[in-house]
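Remarks on the structure that follows.
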Amino acid sequence: MSDPAPYFRHHVFCCSNQRPPDNPRGCCASKDAQKLRNHMKARIKALKLEGIRINDAGCLDRCEFGPTLVIYPEGIWYGCRTTADIDEVVQTHLVEGGRVARLMLPPAPDPA
Ligand code: FES
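Using my numbering, you'd call the opening residue of the sequence shown number 60 and step up by one each time.
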């Protein structure tokens, strides 16, 4: 039996995790994650892009690169710090199917 087709063409998870200011890991919420996620949602709507879902996520465990987001089904991770970064990911990845190499996170270590 094969896997079912993805429900969304692109499913984007944006970390919005918040930690206390003195936490050594920091958090995406302290780096404008909510504003950036809202910007991405507004951009998707303005462009009338179909089949794309933007969801809040808890900590994605790549805090040092945040604000962190990941796009499925490709499983591509980005660290976006500005609305211009978000616009570039929307246009290049979600619209054109390319990759924004300068914003992509380094590969994760192999799972144990
Ligand atoms: S707080 Fe955002 S990835 Fe951990």
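Even for Gly, the Cβ is constructed at its ideal location relative to N, Cα and C.
Run of the alpha helix (DSSP H) containing residue i, from where it starts to where it stops
i    : result
V148 : 142–148
Heavy atom of the ligand FES within 7 Å of residue i beta-carbon
i    : result
L162 : no
G125 : yes
Chain-order list of residues whose beta-carbon lies under 8 Å from that of residue i (same chain, five-residue window excluded)
i   : result
D91 : P126, R140
Unbroken beta strand (DSSP E) run spanning residue i, endpoints
i    : result
G138 : 135–138
C73  : 69–74
Residues near residue i by beta carbon distance below 6 Å, same chain, minus five either side
i    : result
G117 : N76
P132 : P65
Cβ-based neighbour list, residue i, same chain, cut-off 7 Å, excluding 5 preceding and 5 following
i    : result
L153 : H69, L108, I111
message = Please give the ranges of any beta strand (DSSP E) in the segment 93–130, keeping only runs that are unbroken, at least 3 residues long and fully inside the region.
response = With a minimum length of 3 residues, the continuous beta strand (DSSP E) runs that stay inside the segment 93–130 are 111–116.
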